[in-house]
Amino acid sequence: MTTNRPDNTTHPPQTDQTPSIPTANDGSTATSRSTPASTINANARGNKTIVNSNTSTDSPAHDSTAAEASSDAKTDEMLLTVENLKTVFDTDDGTVHAVDGIDFTVQRGETVCIVGESGSGKTVTSESITQLFKSPPGSIADGSVVFDGIDLASRTEDELTDIRGARISHIFQNPQGALNPVYTVGWQLIEAIQLHRNVDDDAAREDAVDLLNRVGIPEASSRLDDYPHELSGGMKQRVMIAMALACQPDLLIADEPTTALDVTIQAQILTLLRELQADFGMSIVFITHDLGVVAEIADRVVVMYAGKVMERGSVYDVFESPSHPYTKALLECLPGRGSLGGIPGSLPDPTAPPTGCRFADRCPYAVEECTVGEQPVFESVGGEARDEDIEHEVSCVHYRSAADPSVLDQLDADRSSVPQERPSGRTVGTRDGEGGVARE
Amino acid sequence: MGKGVSPVSDQSGAARTEAPLLSVRNLTKHYPITTGLRSKEVGRVRAVDGIDFDVYPGETVGIVGESGCGKSTAASSLIRLEEPTEGTVRFDGEDITRYDQAELKAFRRRVQMIFQDPESSFDPRMSIGEAIAEPLAVQGLTDASRRREIVVDLLERVGLAAGDADRYPHELSGGQKQRVGLARALSMNPDMIIADEPVSALDVSIQSEILALMTDLQESFGLSILIISHNLAVIRQICDRVAVMYLGEIVELGTASEVFTNPQHPYTRALLASIPTADPTDRGTGIELTGDVPSPSNPPTGCRFHTRCPELIQPDDYAFEQSVWRRVMDLRQKLDGGTVDVDAIREGVVTEREPSETPDDVSATETKARLRDEFAIPQSLGDSRAESVLEAALDDLVSGNPAAARERLATEFATPCESQSPTLEDATAGQTASCLRLENELPPTELEQTVRSD
Amino acid sequence: MAVDNEPRETFEDVDWDDIDETTRSFSRKTIVTIGVYVLFAVGLLYDYVLKPSRADTIEPLGISLQALDWLYILTLLTILVGVVVPLYENGRMTRYYWQQFRKNRAAVASLLYLGVIFLIGSIGPRFLEQPTVDSSNAYQPPVFTSAPNWLPVECAGEVAGGSCHGTWAHPFGTTHEGKDILVSVIYGMEVSMQVGLIAALITITIAAIVGVSAAYFGGWIDAALMRYVDIQITFPTFFLYLMIVYLYGGSLFSMIVIFGLLGWGGIARIVRSEALQRREEEYVLAAKNAGASGYWTMRRHLLPNVSNSVITAVTLLIPGLILFEASLAFLGLGDPTVPSWGEVIASGRNDLPNAWWVSTIPGIFLFFTILAFNFVGDALRDALDPRAEGGDQ
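Chains as they are written, first to last, in full-length UniProt numbering: chain Y, 1 to 440; chain R, 1 to 454; chain P, 1 to 393.
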């Protein structure tokens, strides 16, 4: 079911999804690539429980995992390959094309951030991987989601249930809503463990204590008997992460896990996720609208707008040389970047998406070609990439082989020389040229 | 383009001659915790515990802090949406805490508020036009056609269309609703707007739009703005002066440029370090605060931040590495809270061993090592005298005498931060902070990254 | 900044000192509303105080209004002022609600059916004589059906093959007393509407006031009101009614008033819990920030926003009341002077083997009326939730 449409040809040719590495699909044991530091194991009686963070943060997670990732053959490394995914919702106002043909890949052990504003389809993308959305009205209209050789898009609900939680776990924005207030934290955690692993109550309880320890909850064994309302927001999110880790998933999907938290707690959670990733060797798909968080945690970035991918590449490339006008505008909106005013215009109607580039009618660099045909095919940005394994690609006509992308910089320069006007004023005006990511 | 672009306002600081528009002194809001039928008071949540600050005409002041620090309560009690427990609030020279109902109603026209949640700040059964006109109608403008004209004018001024007046809140996006919120606030032609987290529910691009609109309107109408936010970047972008709140108190107050470039309070430093920078090469190297904000019903003694402060003052007699000192104090605080469970520690050791062993088989040495691990304290402190104190305390603890351990640690490892309450001191010109390091003229510590993250 | 093309009123032009000094004038709508109620009060006063007690209310037309009729008029007036006018004024909202409501086909049919019942029930009794006892006319079968010839005393229609065929003179046939069932059913429509609407209006008025005040003021007011509700709910209203029937005889008026005045406890609780949530919304704080009084907040914000649950509760309450009235009438505890459906059903219970139509026809009307209220209630609940169908994408 690996449909490859002509306009997606730039994708690396890894459509052969035969699982070439030995993986145990029952989820009870880790895949061959789990790092030795994993603490929870079905048969090990809770080996290492103490917060060993002082050893793991010293070397940033992305360095070690990226290095590991590049050592093996690339095909084997792809844990998740999403191709031409289309998710639609049937509503009274028509069919909403929430995700409209997107492609991205997730390697083993890496963190992929899907970034976009509300309405960009980033949450629906994350829910489409294991089809968590409500169906009906939602359904996957086209495309494939190949996870470790299995095409999830064509699986039945029962088969997906086996995969959810066991091999792919989710954590959500609001830990308040995700924990059941009438059960203790321990009860819920033990349930999560026993749901996918055949262990007795005592063993599950020990594992639960280990997990809580591992996610940095002090006095874990006494905390097991607490009810969710007795924990702070940050603690609840740690419990959610512990539940997600209960079965050592290969892939953790985190949908805005820190948005509801204070910056100080957000920093703690991000550090925790980095440590856990280094220990467990899992991949993370991280959904966020906060570019600061992206810069903090991502290896690879996928920028979404109105159901389409605008730009994708390694975090260094995307932040140092943002190439799509939308990415540029988004970065420009960050507080402290000197320009106020946002991106003029609004999202296109998701029931009747416009032809051409989705961003065209808000784009200050739009030319006539931008409004005809399909979303432009991905073009390589060129230039020297910081991470050679991750191609930096952009869906913009200005990067076609015949076009000259420097026109964007030229326009920037012109614009910044003209005094700005508001409220109709352009906002993408005061960029300081190439590589201008340094704050102030 | 005014303050939005250059937050450094030249008219800031101490050299003001004009009178403040708003002057808050010792503002306090306590919520009683009651029990039983007769509502006997058993405690108090000290949401706001005596704060002082001024807002001058045309100025933007920000209050920043984590959730639960009392910043929203401060906003709503200073304009008597909730009655303050204590303190005076002078607005344009008059003490509004003494106003009667009629005076209060007239005062409402002068200070308006913008709310955080665009979803819940509009009545779903009222059209946008009715919502904007509501303050007019409440204040006695009964002529519906006059109200309508004002509404249309306001809608256009905040960048919406006249036709939007007939739409309902659920038909608007979050950003549009926040524009309507601004229009509603403006309808009273106020002197001051209090904005409680006006952009925290919005996307960055929309945030940027709304902030731009706010600064525009501020210039057009000469408004003073008090903005409450947990987002330091937002505060930095539009504020002239900033107050940093922690657990109901202002810990630092100064011009935005000074506070953000030269923070004087350890809490401000930690907050600033927690903001993720949009630079992937600069990751997680900030100071990380441990733990959560303590409960405002039982705030810590001395400096309220001492339970989390990475720059806690060390006792004179010992030489600790600062991060180790912090962790030792974490252990001490947990002991004081009575939440260190030695039996659980022993069980934890047993789970890694042969199944035949019981917790009783675990030796004291192992338990102590595990305790140190649990609190990320190195197996040796470096300072031999400090090490012997800690070792003795751990011995007490393992031998089942936590009271003795507590006592030992409290006398040996005492810090002035837990006993003395700092006051707001002038740190530099126009910037005050409440930290004992400043009072005692101790230098700020060179902090390494604290890696423990609970 | 937007450029003002034509001079128009802006918020800067408003001179608040001026407004503070002028005494409050009322808007035209308020004056008309108050006028309507004043007119009603004058009429009531005339009927009970000024005119000779035995005379008809409006002498020349021969119209005599009873207590129940006055109550019904008040109810209809209030529905007009409180439901129809606001719906008309907020055309956009009404159209939106209608679009949502229309999705439920059964509910639209039910609404149509109830409208017809209401119209016929309101107009019919003005033109039709009350059904009278006429034993010679008893047991006439409905049109298109027939009954054994021995059953009717005197067959009004064709007699063929030993069967008496129904005629258009009595389309629904007659009872054992010779009362025309069609006329009885039409009178029954008015009774059912009176029972349902009046009792429901009394109930929700009290429930809304009590529930919203309890939630808004909280504290001891809340405690006192809710404790009273607890007591009232345990009060055996049915036995009180039985006692009144025993002492004074059954009367529709006393039944409606008793069940209206004592049956609001449950709905008041629903309103209170709903209003407690609404009170915490930021728009209530925004109103306070504008200087709004408690009355304004309750009237403009809390009441409209609890209307969902109130309307749902009412659409369940009305069929319950109608059914209850029918049951009482069936048991012979109803108002003997009023031809309600329950009474007609009761009058036919002994004749079921032979004259099936006597009980069945009003029974069908009762059944469909109750079903229709339930359908409409379901659809209203779905349609009235402003958040169900939002602009969220």
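No residue lacks a Cβ here, since even glycine has one placed at the ideal position from N, Cα and C.
Residue environment, P169(R), which counts as buried when at least 16 other CB atoms sit within 10 Å: By the neighbour-count rule (16 or more Cβ atoms within 10 Å), P169(R) is buried.
Whole beta strand (DSSP E) elements within the stretch 221-285 of chain R, 3-residue minimum: DSSP runs (the beta strand (DSSP E)) wholly in the stretch 221-285 of chain R: 224-229, 241-246 and 249-255.
Separation of T268(R) from A392(R), as counted between CA atoms: About 36 Å.
Residues in the stretch 211-223 of chain R having any Cβ partner in chain P nearer than 7 Å: Listed in sequence order: S220.
Opening and closing residue of the beta strand (DSSP E) in which D349(Y) lies: Segment: none, D349(Y) is in no beta strand (DSSP E) and carries neither H nor E.
Assigned secondary structure, N137(P) (DSSP; H/G/I helix, E/B strand, else coil): N137(P) falls in the helix class under three-state DSSP.
Cutoff 9 Å: F91(R) Cβ touching any chain P Cβ: Residue-level contact check: F91(R) does not touch chain P, since none of the beta carbons of chain P fall below 9 Å from its beta carbon.
Which listed residue (R406(R), S388(R) and R327(R)) has its alpha carbon closest to that of residue 459(R): Examination of residue 459(R) is not possible in this model, given that chain R is present from 1 through 454 alone.
T139(R) at chain P interface by Cβ criterion, 9 Å: Note that residue 139(R) corresponds to Gln in the displayed sequence, not to Thr. Interface residue, yes.
Exposure of P52(P), with buried meaning 16 or more beta-carbon neighbours within 10 Å: With fewer than 16 other Cβ atoms within 10 Å, it is exposed.
Residue from L217(R), N189(R), F53(R) and T142(R) with nearest C-alpha to R179(R): For the residues L217(R), N189(R), F53(R) and T142(R), the minimum Cα distance to R179(R) belongs to L217(R).
Cβ-based contacts, 7 Å cut-off: residues of the stretch 128-158 of chain R near chain P: Within the stretch 128-158 of chain R, the residues whose Cβ lies closer than 7 Å to some Cβ of chain P are E134, P135, V138, Q139, G140, L141, T142, A144, R146, E149, I150, D153, L154, E156 and R157, listed in chain order.
Cβ-Cβ distance between V251(R) and S200(R) below 9 Å: No, the pair does not count as a contact, with Cβ atoms beyond the cut-off.
Delimiting residues of the alpha helix (DSSP H) encompassing E311(R): Run containing E311(R): none; DSSP gives neither H nor E here.
Validate contact between the stretch 206-224 of chain Y and the stretch 185-198 of chain Y using beta carbons, cut 8 Å, 3 pairs: Yes, since at least three Cβ pairs between the stretch 206-224 of chain Y and the stretch 185-198 of chain Y fall closer than 8 Å, the two stretches touch.
Supposed contact pair G124(P) and I186(P) - C-beta distance, whole angstroms, cut 8 Å: That belief holds up - the Cβ atoms of I186(P) and G124(P) are roughly 4 Å apart, short of 8 Å.
S120(R) beta carbon less than 9 Å from that of G233(Y): The answer is no: Cβ separation not under 9 Å.
Contact the stretch 151-164 of chain Y vs the stretch 105-125 of chain Y: 3+ CB pairs below 8 Å: Remark: fewer than three beta-carbon pairs, one from each stretch, lie closer than 8 Å, so the stretch 151-164 of chain Y and the stretch 105-125 of chain Y are not flagged as touching.
Minimum Cβ-Cβ distance from A267(Y) to chain R less than 9 Å: Yes, contact with chain R.
For T297(P), the nearest candidate out of T312(P), A199(P), G266(P) and V212(P) (CA to CA): That would be V212(P), whose Cα lies nearest to the Cα of T297(P).
For N305(P), the three-state DSSP class (helix, strand or coil): Here N305(P) sits in helix by DSSP.
Coarse secondary structure for H97(Y), derived from DSSP in three states: Here H97(Y) sits in strand by DSSP.
Per-residue contacts from L330(Y) into chain R (C-beta, under 8 Å): What L330(Y) touches in chain R: V204 and S205.
Buried or exposed by the 16-neighbour rule on C-beta atoms within 10 Å, applied to M243(P): Under the 10 Å beta carbon count, M243(P) is surrounded by fewer than 16 other beta carbons and is classified as exposed.
Bridge-paired residues (DSSP) for R214(Y): Beta-bridge pairing by DSSP links R214(Y) to no other residue.
Counterpart residues of R381(P) in DSSP-defined beta bridges: The bridge partners DSSP lists for R381(P) come to none.
Nearest to I51(R) (by Cα), restricted to the options A75(R), R346(R) and D360(R): Relative to the Cα of I51(R), the nearest Cα in the group A75(R), R346(R) and D360(R) belongs to A75(R).
Backbone CA spacing between Q232(P) and E86(R) [nearest angstrom]: Computed Cα separation, rounded: 42 Å.
Exposure of F172(P), with buried meaning 16 or more beta-carbon neighbours within 10 Å: With 16 or more Cβ atoms within 10 Å of its Cβ, F172(P) is classed as buried.
Beta-carbon contacts of L291(Y) that lie in its chain and below 7 Å, excluding the five residues immediately before and after: Non-local beta-carbon contacts of L291(Y) in its own chain, meaning distances under 7 Å to residues more than five positions away in sequence, involve V115, L330, L331 and L334 in chain order.
Buried/exposed call for S135(Y), threshold 16 Cβ in 10 Å: Result: exposed.
Cα-Cα separation between residue 495(Y) and M214(R), rounded to whole angstroms: Because chain Y here runs from 1 to 440, residue 495(Y) falls outside it and cannot be looked at.
Outcome for E129(P) when other beta-carbon atoms lying within 10 angstroms are tallied against a minimum of 16: Answer is exposed; the Cβ neighbour count stays below 16.
Distance between S222(Y) and A386(R) (C-alpha atoms, nearest Å): Looking at the two C-alpha atoms, the distance is approximately 30 Å.
Helix, strand or coil at I258(P) [DSSP, three-state]: Of the three classes helix, strand and coil, the one that applies to I258(P) here is helix, per DSSP.
Residues near residue 463(R) in its chain [Cβ-Cβ closer than 6 Å; skip 5 each side]: Since the first residue shown for chain R is 1 and the last is 454, residue 463(R) is missing from the structure and cannot be characterised.
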